[in-house]
Structure formats: C-alpha cells, structure tokens
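Worksheet for the structure shown next.
In the working numbering, the protein residues as written are 6 to 238.
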C-alpha cells in the first residue's frame, strides 16, 4: 500500500469518528432547555431590536452565524407562558437575544422558563451626537432696532385712564325640595315548640303562643325601601 493510500484511509477514519461524535452529541442533546441553564453556560444575553432587515444588520448576522442568537416567542393572547427557540426564527411577535458565547444546543431547541429580569439591555449603537461650537460670523449682520417710534396719538391712548374689568359673579343654583317615600320593614324569625296529640291541636297551641310573643328589634332584620323622589310644588 502506498503512502498516499494509507494517508487517505487515515483521513477517512478520522472523518467517520468526527461524524459519529457529532451525531451522538446531537442525539444526546435534550429537546428543551431551561433559560437559566443557557445563561449559566453562555452568559447573560442582550435583547436586540431589528430596526432594519436582519440581513442588513452585520453585527446581528455575525451572531447568527456564530450560533449565539435565540428567539423569544411572546404570547400576547391567552395564559400561555412565553418560550424561546435556539437560533434565529423570523416571526411576528418575537424578540431576539444575543448571548456572549456560542450556544451548545442545536437550532429549534425549545427554551422554557424565560426570565426577563436576567436579560441585559442592548447598548446604543452609533456615535453620540455632539453639537458644533458656535462661531461668530466673519461679517456682522446689521441688527434691526429693538425699539418702536411712538406717535402722539399712541401716547394719548396710553395716558387715558382704563376702566376696571367687571367681575362676573357666579350665579348660585336654585334649590328645590324633593320628597321620597321610605318603607321600613322589620322581620324577626323565631320558633315555638309544643306537645299535642294531633296536628290540629298543635296548630291551635302554636297560634295561641304566637299571639303572646313580644317583638324584639335587636334580633329583627330591618329593611329600607326608598321610593322615587318627587319635586314638591
């Protein structure tokens, strides 16, 4: 066997081992991952806002290629909790996070337990605007006079005594008398026990004892019924 053939065979074996390792690592990855685990492994993420198309943002696309981007799906309707997906997934109600380090989970892995308090605010992009210092013009402009010449008629109008402004008193509303009927009702529930040979006899005894009962307002339930107020003539 030539040296070239042995070297090629060695490369093929190394490639098969790498492919097998990558396949096993992909299979061993869980389908879901908690947000805290991602932060612990890849650092605190920053939320970014795409003001333009994603392909026009060079920094964002670099993070996508480096596998440092996660998509947060925000549930605006219902009681379902927000969740995320590893990788960039263009959706309508979605926010995007950029992690400092590469994510160890494959794309489309579901992220649960989103904690917004652990998301850092993205720094402002672009240079800070600084106003230019004011410079005096080379040729001074001719200033307009800041005073106005008054004629005799205007001075005479100013010297006239001015009348004091009339104070308008607020008119107090007229009061009327209204009357409404009110019905007070008191209800007291009690029980009477008697011993009798029959129902008819028991009814007679209860009626006689009920006539002797005394109304106790402290144990009664008082209700108030207010009628419609009417204006007195």
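Just so it is clear, CB atoms sit at the ideal spot from N, CA and C, and this is done for glycine as well.
Does the Cβ-Cβ distance between residue i and residue j come in under 8 angstroms?
i, j, result
"residue 119", "residue 51", "no"
"residue 115", "residue 37", "yes"
"residue 117", "residue 99", "no"
"residue 92", "residue 58", "no"
"residue 75", "residue 90", "yes"
"residue 185", "residue 223", "no"
"residue 195", "residue 218", "yes"
"residue 197", "residue 225", "no"
Rounded C-beta distance between residue i and residue j? I'm assuming under 8 angstroms.
i, j, result
"residue 199", "residue 210", "4 angstroms"
"residue 70", "residue 107", "With 8 angstroms as the limit, residue 70 and residue 107 do not qualify as a contact, their Cβ atoms being about 10 angstroms apart."
"residue 182", "residue 237", "4 angstroms"
Helix or strand or just coil, what does DSSP make of residue i?
i, result
"residue 90", "strand"
"residue 198", "coil"
"residue 172", "coil"
"residue 233", "coil"
"residue 204", "helix"
"residue 114", "coil"
"residue 224", "helix"
"residue 109", "coil"
"residue 121", "helix"
"residue 131", "Confidence is the limiting factor: at residue 131 the pLDDT is only 48, short of 50, which leaves the residue's position unreliable, though a coordinate-based value still follows. It is coil, neither helix nor strand."
"residue 100", "strand"
"residue 185", "coil"
"residue 95", "coil"
"residue 211", "helix"
"residue 27", "Caution is warranted here: a pLDDT of 42 is assigned to residue 27, below 50, making its placement in the model unreliable, and the coordinate value is therefore given only provisionally. Helix, per DSSP."
Just the C-alpha distance for residue i and residue j, rounded to the nearest angstrom, thanks.
i, j, result
"residue 66", "residue 110", "18 angstroms"
"residue 49", "residue 63", "21 angstroms"
"residue 26", "residue 46", "Confidence at residue 26 is low in this model, with a pLDDT of 45, below 50, so the placement of that residue should be treated as unreliable; the coordinate-derived value is given next. Taking the straight line joining both Cα atoms gives about 21 angstroms."
"residue 212", "residue 206", "10 angstroms"
"residue 220", "residue 227", "13 angstroms"
"residue 84", "residue 96", "20 angstroms"
"residue 123", "residue 43", "11 angstroms"
"residue 101", "residue 94", "9 angstroms"
"residue 56", "residue 174", "59 angstroms"
"residue 178", "residue 168", "30 angstroms"
"residue 230", "residue 190", "8 angstroms"
"residue 202", "residue 208", "11 angstroms"
"residue 41", "residue 61", "31 angstroms"
"residue 80", "residue 121", "14 angstroms"
"residue 88", "residue 125", "17 angstroms"
"residue 105", "residue 82", "31 angstroms"
"residue 176", "residue 170", "18 angstroms"
Would you please verify whether the beta carbon of residue i is less than 8 angstroms from any beta carbon of chain B?
i, result
"residue 232", "You won't find chain B in this structure, because it holds only one protein chain."
Can you give, in chain order, each stretch of the beta strand (DSSP E) that sits fully within the region 33-76 and has at least 3 residues?
-> 37-39 and 51-53
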